[in-house]
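**Q** Structure incoming, see below.
4 protein chains.
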Amino acid sequence: MLIRLRKRLPPDAISRVLRVCTELGLKARFLDGGRELLELEGPGGPEARSRLEDLAGVLAVLDAGSARELFARVPPGPRQAAGDGPPVGDTVVQVGAARFGGGHVSVIAGPCAVEGEERLVEIARGVRERGAAMLRGGAFKPRTSPYSFQGARHAGLERLARAKLESGLAVVTEVLDPRDVEAVGAVADMFQIGSRNMTNTPLLVEVGRSGVPVLLKRGFMATLRELLLAAEFVLAEGNPNVVLCERGIRGFDPSTRNVLDVGAVAHLKRATHLPVIVDPSHAAGRAELVRALARAGVAAGADGVIVEVHPAPVEVHCDGHQAIGFAELERVVADVRALCALDQRLLVTPLPQEVLP
Amino acid sequence: MLIRLRKRLPPDAISRVLRVCTELGLKARFLDGGRELLELEGPGGPEARSRLEDLAGVLAVLDAGSARELFARVPPGPRQAAGDGPPVGDTVVQVGAARFGGGHVSVIAGPCAVEGEERLVEIARGVRERGAAMLRGGAFKPRTSPYSFQGARHAGLERLARAKLESGLAVVTEVLDPRDVEAVGAVADMFQIGSRNMTNTPLLVEVGRSGVPVLLKRGFMATLRELLLAAEFVLAEGNPNVVLCERGIRGFDPSTRNVLDVGAVAHLKRATHLPVIVDPSHAAGRAELVRALARAGVAAGADGVIVEVHPAPVEVHCDGHQAIGFAELERVVADVRALCALDQRLLVTPLPQEVLP
Amino acid sequence: MLIRLRKRLPPDAISRVLRVCTELGLKARFLDGGRELLELEGPGGPEARSRLEDLAGVLAVLDAGSARELFARVPPGPRQAAGDGPPVGDTVVQVGAARFGGGHVSVIAGPCAVEGEERLVEIARGVRERGAAMLRGGAFKPRTSPYSFQGARHAGLERLARAKLESGLAVVTEVLDPRDVEAVGAVADMFQIGSRNMTNTPLLVEVGRSGVPVLLKRGFMATLRELLLAAEFVLAEGNPNVVLCERGIRGFDPSTRNVLDVGAVAHLKRATHLPVIVDPSHAAGRAELVRALARAGVAAGADGVIVEVHPAPVEVHCDGHQAIGFAELERVVADVRALCALDQRLLVTPLPQEVLP
Amino acid sequence: MLIRLRKRLPPDAISRVLRVCTELGLKARFLDGGRELLELEGPGGPEARSRLEDLAGVLAVLDAGSARELFARVPPGPRQAAGDGPPVGDTVVQVGAARFGGGHVSVIAGPCAVEGEERLVEIARGVRERGAAMLRGGAFKPRTSPYSFQGARHAGLERLARAKLESGLAVVTEVLDPRDVEAVGAVADMFQIGSRNMTNTPLLVEVGRSGVPVLLKRGFMATLRELLLAAEFVLAEGNPNVVLCERGIRGFDPSTRNVLDVGAVAHLKRATHLPVIVDPSHAAGRAELVRALARAGVAAGADGVIVEVHPAPVEVHCDGHQAIGFAELERVVADVRALCALDQRLLVTPLPQEVLP
């Protein structure tokens, strides 16, 4: 590791930094006369890095060296080595018929919130027929106001179970409360951790322990390092099945609900071996822009798309402005397939329904 | 209420909106030939408003009328009335010796994280002597990385209990997990809901049910309406003791850690009857700027200040860059007192220690 | 037009608004008893709208009706009509061999700043061979510091003239000062108005008067309406040849220099008939992400790409981190061509060099 | 200087960096085996720094050492010295009766735009009587739309000249175009460079050459280093009379027009010897919040306030929502005076009118 200290740090603060280094089993050496640059040698992992970053007087860790995290594309290695080891290959996360990463691209589609059971089954079949490999649908909804519809909750989970059975599609649904992880996990093939809960670490730890795959949405104002460290909370519990999702950051222009950060997709594909998908529905906030943003995300390298679909957007309980209909989903899937072909990637679609047992 | 529909909404969408209005007991009337402006009359509360906002086709609620929330300074009233009723007076939240709102200003001080017991007692006494009316200190720490120090946890709560006893100061400490509300509430005189948990609605509901006062920090990218609606989750559970805290929003300039939004303080004092305080430590991220920001916050109308204090910042486990020492705290308290005097507000300080039973 | 007044506006303010309406030849009618919604009928153009927006007491123009601007995709029409007229078709801007809009896509490539003449000619030929239809290169450079290289200035213009001649490519170059419009226009086939000058209205007026095509970059913190109104300054001078450029907005994450706002591209293609291109180089700020962002921009609907290219990025005078080499440009052009084919759009490339006179 | 290179930079890039160092008369020495940290010794000024920052392969200048700029509070000094020299004392900028910096605080007040002459004289006298030391008023207005009122222009300058004469107050007014510097400078005692022109370097150079004091507003999305470097364009032309102005940055919450960044004020007072004032009117965008923001700015250390005042806000041609009346100005001035007293600073007010010759 290479760390930079504050300028003219008082001797007792320097001593304290050196003492912590010794405790961590790291050999420290100042590179410069001004005692601002400290090179550390030894087996320190990311815990060592975090401990050092927290110290008063430490400005920045300039080179993490061996202290890399589980999410890192480049494996940990000593700082002075001729070079780092070969980058880690893509993690492929498989959920039912869907696969994300390693050249596999999948589309997740479904309503914002779970409504009536018949409607949900109709949607599940409809999106499957149009090439979606997974169903999305919220039973527990995170809402800004206590007076808004908070989702069908446990009844919603039952309807999702039925829709799974009827459509053969795996299901991703949001969990908001660590106390609900067990109940939601009994139905969900994949947990969604929403944008507002990216920093909810007790929840991240709980879904990490569950072993169930996790779709982790970027907080709408989170840096990419914050997103990756949120994923690390799940990985560190022994659950390797994390799919990251870029869903738009908060901007200042009212034309779109959020700003889809395609540079984040491109950067994440280099920084981590975890799959990355995009959510054009929440980014756009307007149905008529969803298709363009889905294209942009996959063109930037995303391993999938999650999109809100509703056959009758006018009846939607929440976020109705951004749901697309079946016909538009068909166009989105066709676009994604064509974009995959440009790259020798594969759009994964479910087997025909009749093949189901 | 007055709502605006999308332009050229199809007849079935309009019918659906009107049907929902009827269900809500509201009489609807279009104001214009273009059928975009709908005036609603009736006893609809904020639930009605939320239900309408969620409807596809509804662009915005232009005037909430009777649908105002519990936090509102101006009480709900019918839209066409000659005027709204008189504004609601300030809620005064009392926690131990501290009072916030209604012309009362208090300073909360203490370490970022609870460390050793002797140290904590020393700090508690030290901040009390310098005029702080409450002690802050984190036992459960929200951290960006799973490898960072997550706080002394239950041991930290015990140390807080001891520091309360020794100093006579009431204590505010953060709670991160709804499952910890009971344990934390056994010690805390006030729960802190941190910036990262402002949207953690299960946690808000749980602290709402506890009846214990709540210090609710604004998410670093939350709008003021989002903050107020987060407070509403607590108020709606019957807990009126909510203090809002502006702690800086995420900006783009590295000179300060966050941007203290003093305009938010000024706006909130008009929009709600709840007290508002500022956290200059997290806003500045640099000890040498804390005093200036504390002054700015109180000058803008804040009912208090929460500030990180440590007698030996060099030893701090986290965020050591931003803690101020006792001498600087003394200057901050003096500034706050002087600013209160300009306004006929009162800085509330604890009784001298010897008066304690 | 439909405008919304502040609530409970005093009678003299209302009278003043009504007087201004009369002066503008508009018939005004309140829609509601609360006197907040005012419907205006008459031939008022965008000047009327601006005048009204400036008035104290006017909260917002909800519907511009006939007051639409020259950039608008949807033509001006009366508010109460059965519907607006058909949308305006794409403006096609032609600059030398390049065409933007109406299904035509072109790539502009070249160095950040003009350096030596031989080098520039080499680059011009190199990018032409790889499919770029225009050459970019800065002679006058906008810099953050007065001590930075400000460009080769007039000598740079001469070198651009030579590179044009040798390569047959049209040239776009930045103008910073209204006093330089004539000199720069003697060489440039297209003026670039950089991000920092989007709000420099005297400069916009001057390039508007010149009649030379204009590449107008979005300010890195400008809303899309602000960008379109900046274009309107050029259009209003009788110069219809404006190409808009999304080049990334300022974000909070250091992974990329800026955030390429692909939602802006998608929105602009609906809001205006003007062509829209993307600048992935300034958005990414890192050569290795440029290709992904170029793809994302064109997939979102952009009519072209402007990209920094340098055969030896290590020698670049400014922004060397973001220039790509010839081989990568070839990949970018191939990607753009493939993306165009998905949409039945056409990548416009220059005629083979030997055909030149 | 201490600079950090990219990791594993190829040998030819390293050679080029070293060659440039030699050209600049700097002795370079690698601090580490990985060849990432380069210490430079020698008399290199800010030009050297800029040249190095521009080089491909240079990640960051970690310590500017002798390359500090004219605006810097801490004077340039060699890197390895025992310490830097004593900080530079405050620059005091005097404009007519007003003084900014060095413990002097002044209030600038007046209308957004210059309207009729009688009205302007009335305002000038009115603000003088209430303690403002300078008059503000725009003759040339920067507007977002070409159809908005662009100011009374040359006629406005004449009216300003008359108001100066009648009130005895010095005048600050905006200049938008380098070609207008002479005409505006014939009347203005101080040029205003508006937020949208902070990066208009030809304009900065021109006002720098004029020698007339400059009020430089921070771009609404500019970092503080960008603001200081904009000031450097003026200082480098030999004009030391620059007053910086924080006027709010663009945020995401509609409650205020912009976010007044009081942390910027506190930081700037440490980073530069130039005076810093705040503009609460543009920050708030709402008259009722102006007073609170003026207080916050001065409490944070600002050397003055510039505020929009109009005796009949309802008649204002632009930005009428944010102008305060005479009575509120009186309260603002009283607040500023009281805040100055807390700090042993002095509010500078004009001599009584009758003393004028």
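Residue numbers (the numbering used here), protein chains in the order written: chain A, 6 to 362; chain B, 6 to 362; chain C, 6 to 362; chain D, 6 to 362. Just so you know, even glycine gets a beta-carbon here, dropped at the ideal spot from N, CA and C.
#1: In this structure, what does DSSP give as the bridge partners for C250 (chain B)?
#2: Helix, strand or coil, according to DSSP, for H109 (chain A) in the structure here?
#3: State the CB to CB distance for the pair R291 (chain C) and H326 (chain C), rounded to an integer number of angstroms; the pair is presumed to be in contact (CB under 8 Å).
#4: Let's test the definition: count the other Cβ atoms within 10 Å of the Cβ of A160 (chain D) and tell me whether it reaches 16, buried, or not, exposed.
#5: Is the beta carbon of G106 (chain B) within less than 8 Å of some heavy atom of the ligand MN?
#6: Starting from the Cα of R78 (chain C), find the closest Cα among C:F145, C:R342, C:L273 and C:I311 and give me that residue.
#7: Is the Cβ-Cβ distance between V97 (chain A) and L10 (chain A) less than 9 Å?
#8: Output the distance between the C-alpha atoms of G46 (chain C) and G38 (chain B), rounded to the nearest integer angstrom.
#9: Leaving out five residues on either side along the sequence, give the residues of the same chain with a beta carbon under 7 Å from the beta carbon of F35 (chain A).
#10: Examine chain A for any beta-carbon lying closer than 9 Å to the beta-carbon of L42 (chain D), and answer yes or no.
#11: Assign D266 (chain B) to one of three DSSP states: helix, strand, or coil.
#12: If G173 (chain B) and G156 (chain B) are in contact, beta carbons under 8 Å, what's the gap, nearest whole angstrom?
#13: For I19 (chain B), which residues in the same chain have their Cβ closer than 8 Å to its Cβ, ignoring the five residues on either side in sequence?
#14: Is there a Cβ from chain D that is less than 9 Å from the Cβ of R255 (chain A)?
#15: Along chain C, in chain order, which residues have C-beta atoms closer than 8 Å to that of D37 (chain B)?
#16: Residues in its own chain within less than 7 Å of V210 (chain B) by CB, not counting five upstream and five downstream?
#17: So, with DSSP's three-state summary, where would you put K32 (chain A)?
#18: If you run the structure through DSSP and keep just helix, strand and coil, what is A166 (chain D)?
#19: Going along the chain, which residues of its own chain have a beta-carbon closer than 6 Å to the beta-carbon of G30 (chain A), five neighbours each way excluded?
#20: Would you kindly report the start and end of the unbroken alpha helix (DSSP H) that includes V180 (chain A)?
#21: Between which two residues does the alpha helix (DSSP H) containing I5 (chain C) stretch?
#22: Suppose you measure from the CA of N205 (chain C) to the CA of S150 (chain C); what does that come to, to the nearest Å?
#23: Within 10 angstroms of the Cβ of R56 (chain A), are there 16 or more other Cβ atoms? Answer buried if so, exposed if not.
#24: Between the Cα of V248 (chain D) and those of D:G121, D:S286, D:G330 and D:M203, spot the shortest distance and give me the residue it belongs to.
#25: Are any of the Cβ atoms in chain A nearer than 9 Å to that of D68 (chain D)?
#26: If you count every other CB in all the chains shown that lies within 10 Å of the CB of A87 (chain D), and 16 or more means buried, which is it?
#27: Leaving out five residues on either side along the sequence, give the residues of the same chain with a beta carbon under 7 Å from the beta carbon of T354 (chain C).
#28: Per DSSP, what are the beta-bridge partners of M195 (chain C) in this structure?
#29: Determine, using beta carbons only, whether F76 (chain C) comes closer than 9 Å to chain D.
#30: Going along the chain, which unbroken runs of the alpha helix (DSSP H) with 4 or more residues stay wholly within the segment 308-359 of chain D?
#31: With a threshold of 9 Å between beta carbons, is L10 (chain C) in contact with chain D?
#32: Smallest Cα separation from V186 (chain A): which of A:G213, A:P357 and A:T261?
#33: Checking contacts by CB at 9 Å: is M226 (chain A) closer than that to chain B?
#34: Could you tell me the distance, in whole angstroms, from the CA atom of L347 (chain C) to the CA atom of V132 (chain C)?
#35: Tell whether a beta-carbon distance below 9 Å holds between G302 (chain A) and A288 (chain C).
#36: How is V25 (chain D) classed by DSSP in three states: helix, strand or coil?
**A** Taking the structure as given:
#1: B:K222 and B:I282
#2: DSSP, read as helix, strand or coil, puts H109 (chain A) in strand.
#3: Yes, they are in contact, since the Cβ atoms of R291 (chain C) and H326 (chain C) sit about 6 Å apart, within 8 Å.
#4: exposed
#5: As far as ligands go, the structure on display features none, and thus does not contain the ligand MN.
#6: C:L273
#7: By the CB criterion at 9 Å, V97 (chain A) and L10 (chain A) fall outside the cutoff.
#8: Reading the sequence as shown, one finds Glu at residue 46 (chain C) and not Gly. One C-alpha to the other measures close to 13 Å.
#9: L42 and L43
#10: Taking 9 Å as the threshold, the shortest C-beta distance from L42 (chain D) to chain A falls below it.
#11: In the three-state reduction of the DSSP assignment, D266 (chain B) falls in the strand class.
#12: About 24 Å separates the two Cβ atoms, so there is no contact after all.
#13: The answer, listed in chain order, is L10, R40 and G62.
#14: yes
#15: L7, L36, L42 and E44
#16: F238 and E242
#17: strand
#18: The answer is helix: DSSP assigns A166 (chain D) an H, G or I state.
#19: G47
#20: Here V180 (chain A) belongs to no alpha helix (DSSP H), and DSSP marks it neither H nor E.
#21: In the structure displayed, chain C extends from 6 to 362; residue 5 (chain C) sits before or after that span and is not available.
#22: So the alpha carbons of these two residues sit roughly 19 Å apart.
#23: buried
#24: D:M203
#25: Closer than 9 Å: yes.
#26: With a pLDDT of only 42 at A87 (chain D), under 50, the local geometry of the prediction cannot be trusted, and the value read off the model is given with reservation. Exposed is the call here.
#27: G136 and A138
#28: C:V177
#29: no
#30: 331-347
#31: no
#32: A:G213
#33: yes
#34: 24 Å
#35: no
#36: DSSP, read as helix, strand or coil, puts V25 (chain D) in helix.
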